[in-house]
Amino acid sequence: MPKTDSLQGSLDLLVLKILSRRPRLHGYAIMTAVKDWSGDVLRAEEGSLYPALHRMEEAGWIRAEWITKDTGRRARIYELTPAGKKQLDVEESRWQAVTSAVNRVLRTV
Amino acid sequence: MSLWSRIVNVARGDRLSREIDEEAQSHIEEAVAQGRDSAEARRAFGSALRHREESRDVRLIAWLDSLRADAIFGWRQLMKRKATSAAAILSLALAIGACTGAFRLIDALLLRPLPVADAQHLYVLSRKGIDFDGKPATVDGWAYPAFQLMRAAVKNQADLLAVSYAQRMDLTYKSDAEMEKASVQYVSGWMFGTLGLRPTLGRLLTENDDLKPHAHPYAVLSYDYWTRRFDRDPEVVGRTFRMGDDLYQIVGVGPEPFTGTETGIVTDVFAPTMMHPGAVHDDWTWHRTLARLKPSAAVEPTRARLDATSRAFEEERAKGFTGMSKQDIEKFLDQTLVLEPAAAGASDLQSNYRVSLVALGVLVAMVLLIACANVANLMTAQASSRAREMALRVSIGAGRLRLVQLVLVESAIVAFVSGALGGLFAWWSAPFVVGMINPADNPARLFLPADWRVLGFGLALTLGVMLLFGLAPALRASAVKPATALKGGEDPHTRRRMMHALIAAQVAFCFLVLFVAGLFSATFERLSNRPTGFVANRLLILDTTAQRAESPVFWDQVAEHLRGIPGVQSVALAGWPLLGGGGWNGFVSVNGAPPGPVLAYFLAVSPGWVDTMKIPFTFIDGSDFLPSDTFPGAAIINETFAKQFFNGENPIGQTIAKGGAPCKVVGVVRDAPYRSMREPILPSAYVPFHSIDSKGALQPVRDATFMVRTSSVNPMALASILRREVPRARPEFRVSNIRTQAELVRGQTLRERLLAMLGVFFAGVALLLAGIGLYGMLDYSVLQRRREIGIRLAIGAPAGSIARLVTMEVFTMVLVGALAGVALGMASVRYIETLLYQVKAGDPAMLALPSLTILAAALLAALPAVIQAVRIDPVAMLRAD
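Protein chains in written order, with my numbering: chain A, 2 to 110; chain B, 1186 to 2066.
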């Protein structure tokens, strides 16, 4: 399987899921989490991750806040909002529906 | 929420960019901290700029952001040239404000529907025919018996309402010593129900309050009067007031927005028509008739039915006419009833000022167009000086639409700032103009609400103006060709052609405004300089009323008493003052012959009236009345009367008779206007104030007027003394109103004064704007052609030829514009003919004046540019480029 960053529209789902398990992550940590938790298969590119984060922030699914870390560096961290939790449920069930449908097709053929 | 935060983010775009950059920075630092190579991390992150743009577009509304950027840029452009921007904005503000103000007036007087149910189904009935002077005339007055017949005839098609002309009347809530004036209207009791009005307090009048003559002394107050006079006292219902001989009871207060159906007058008190003394007379026309058509009814059949009923009524009445030839009776009967829409009410103010207001509206629209042309030229000139900037923008990839937006936004700033200032001007100016319509004792009251109608108009006007002056320069700027523009200029002539066309249009509009303003001023001047035949200065008019009709002997006693007051030169009695609106006419027979077809006008006056008015006698053997003279018995006639009825013979000693009342002519006096300054002098006869009936008994008089000539220049100084002295002479007499004759004369030219004043003001503005426009245009063209001029001067062109070169084209345009203006003026003058007095549009003086003024202004405007052109130093010029 080639290393892919084509997340097929599932980037929102992954970000929301990651933030629901581990709240208050900054962009780099989310990027790392996508890579690690997918066993190095999936990759979120910076070029699409940040616009996605900002879009979801505007949509009210996640909210951001600036913090100063122990190292003295400032970072912008994200966490889920109640609306984001609901959106996660929606996206998850949609993903399930899509994958099971695709699986059914694969089995039939 | 999200949309809002995106809008908010537009306002803090810089902070947003900083935040995005900082996050990117922190991302890379984090990557480095995790042990990655800094350069590699940066490469992986990609272009920071692209990243910023993408994130920005997500977090704010892109078009709003670009609009904001353009607005800031446009504002800076405007601030860079403060003087020209301020001139543009001020001229536009004045024009927009004037247009909005004119719209407010036109809307309030002519367009705004009355606050009643189904106003659009209201019509007013009038009769079109030929009046006794042989001129076409429309009369909207009706006799009550005719109204009753018509109401019955169309009861299935329409509800007919009788509404009297609003009158300023004397009434009192306490004693007679505390009489006050109120505007009273007699209305059909069922009017309130038909118009769907609900009481604020108590009840409104109904059909049951309007059944029998003189049997229903009930009144409804208007909300406005209740507020002004009673401070909204809820106890007002049940109170009584005396008006004339009747004690009225207040039964209720009308709804707030309703001020009567006579737009321009706010009615205070509504009383039932049956309480009007004219309700039983078939020859008193004292009320308007409104019709509210039922939804199922068509206009024309209803009109025809009303017409037939009215004609039948008049034919019946004409059978009783004596002393009129058959021909005259036929002429009198030949009238057509017309139904005109009255959704906005029906009033004299409307008919008097309709044409004037529309004419004013057109004038200010012309001024607005001139101002727009100015700003358009300014914008075009500016756009061409920015051609390089535009070319650069196109070269680095700006879209045409983006450039149109850039220039339009600048126009929008100008338009909206002007619109806001103009709104202020309109807010002030419309009531100011209404305040000028203030005939003595009865100023117009017009409600001028600033609601969505006015606001919408102002907004639409501002937007329209913006497109008018902004769109062409914007399109032109966006059509820039980078290659030519960056090379050093395109063909300058294409740009100037449009500017030239605008100059011609400006001159044409300016000519029209000047021309019409000239007509208005000449009308005012001729009308106010028309000889009155009497001396109005120092003349005080005391409209006086007695509790009941009193013998003229008592009236004489009061006059005698007044003569003894210091400061009073002479006192005389009259039925009413000249030019006061009163009238009494009839057909006259001379020396017992049958009466002729010409109406003569009569006025009862006491001995000494002619002297007090200072109207000179024209025949040496003529004389004033003797105290013993009576009507019938003696008469003094004016010159027009003598000419009309005696063909140059000496009328002294001959006999004239009005409807069987013979009078011997004892004197002839100089002509004086009777009703109006506008109409030709009417044949008038003055008859003795002492009137006798067929048995020779003196007739008592209830209302009359004392004419008092004072020795002081300001007759009003005596007003309060005289008001006090009249009841002192006889307690049953009371002064109801004090005016000066000069006020009445001035009142005759109120509309003309207003039109002349506003006309001259806007002519001045138009001339100034057109002059500025011309100056700007010439200045620009010299600037653009300075290289060419430099070369011409270098090879020896004389100053004269340079001046010609610079001004030739523009002056051709001025000429073309002036000719177009003449054509426009000649074409439009017939619409305002009714406003003019003894002024002909084709009068060479009327055409020459605006032409010369414009020419002078054009020369003045051209001078600086010509001087500048001639002074160009070829050496400096050619070296600079």
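By construction, the Cβ of each residue, glycine as well, lies at the ideal position given by its N, Cα and C atoms.
Here the structure is a predicted model, which is why all the values come from computation and not from measurement.
- In terms of Cα proximity to B/V1920, the closest of B/E1910, B/Q1926 and B/L1929 is B/E1910.
- For B/T1890, the enclosing beta strand (DSSP E) starts and ends at V1886 to T1895.
- For the C-beta of B/G1198, not a single chain A residue is nearer than 7 Å; the gap to the nearest is close to 14 Å.
- B/S1407 sits in coil when the DSSP states are folded into three classes, being neither helix nor strand.
- In this chain, the beta strand (DSSP E) harbouring B/K1313 covers L1307 to I1315.
- With a threshold of 9 Å between beta carbons, B/S1223 makes no contact with chain A.
- Looking at B/W1761, B/T1708, B/Q1754 and B/G1749, the one whose alpha-carbon comes closest to that of B/I1726 is B/W1761.
- Excluding its 5 nearest sequence neighbours in each direction, B/M1798 has C-beta neighbours in its own chain below 6 Å: F1719, listed in chain order.
- Taking 9 Å as the cut-off, the beta carbon of B/I2039 is found no closer than this to the beta carbon of B/A1544.
- Residue state for B/E1864 is assigned as coil, using DSSP reduced to three classes.
- Here the alpha carbon of B/E1595 sits roughly 25 Å from the alpha carbon of B/V1549.
- A contact is defined here as three or more CB-CB pairs under 8 Å, and the stretch 1393-1402 of chain B meets this definition with respect to the stretch 1447-1459 of chain B.
- Interface with chain B (9 Å Cβ-Cβ cutoff): A/A76 is included.
- As the crow flies, the alpha-carbon of A/V35 is around 40 Å from that of B/G1584.
- With the rule of 3 Cβ pairs closer than 8 Å, the stretch 65-74 of chain A does not count as touching the stretch 1241-1256 of chain B.
- For the stretch 1572-1591 of chain B, no residue has a beta-carbon sitting nearer than 7 Å to a beta-carbon of chain A.
- Within the stretch 71-100 of chain A, T72, R74, R75, A76 and R77 place their CB atoms closer than 9 Å to a CB of chain B, listed in sequence order.
- The three-state secondary structure of B/G1286, taken from DSSP, is helix.
- For B/V1619, the enclosing alpha helix (DSSP H) covers residues R1585 to M1621.
- For A/E66, no CB of chain B lies under 9 Å from its own CB, so it is not counted at the interface with that chain.
- Per DSSP, the unbroken beta strand (DSSP E) holding B/D1344 starts and ends at A1343 to S1349.
- Interface with chain B (9 Å Cβ-Cβ cutoff): A/P24 is excluded.
- Taking a C-beta distance under 9 Å as the contact criterion, B/A1744 and B/S1791 qualify as a contact pair.
- Under the 10 Å beta carbon count, A/Q88 is surrounded by 16 or more other beta carbons and is classified as buried.
- Within chain A, the residues placing a beta-carbon under 7 Å from that of B/V1243 are P52, H55, R56 and E59, ordered along the chain.
- In terms of Cα proximity to B/A1757, the closest of B/A1734, B/L1724 and B/I1598 is B/L1724.
- Interface with chain A (9 Å Cβ-Cβ cutoff): B/S1190 is included.
- In the structure shown, the three-state DSSP call for A/K86 is helix.
- DSSP places B/V1451 in no alpha helix (DSSP H); its state is neither H nor E.
- Judged by beta-carbon spacing, B/G1838 lies beyond the 9 Å limit of B/V1795, meaning their Cβ atoms are not closer than that value.
- Judged by DSSP in its simplified three-state form, B/L2037 adopts helix.
- Annotation for B/R1909: no beta strand (DSSP E) segment contains it, though the alpha helix (DSSP H) segment containing it runs A1904 to A1914.
- Classified as buried, B/I1688 has 16 or more neighbouring CB atoms from the shown chains inside 10 Å of its CB.
- Using a Cβ distance threshold of 9 Å, B/S1373 and B/I1450 do not count as a contacting pair.
- Counting along the chain, no beta strand (DSSP E) covers B/R1261; the unbroken alpha helix (DSSP H) around it starts and ends at A1247 to K1265.
- Non-local C-beta neighbours of B/T1992 in its own chain, meaning closer than 6 Å and more than five positions away in sequence, comprise A2047, ordered along the chain.
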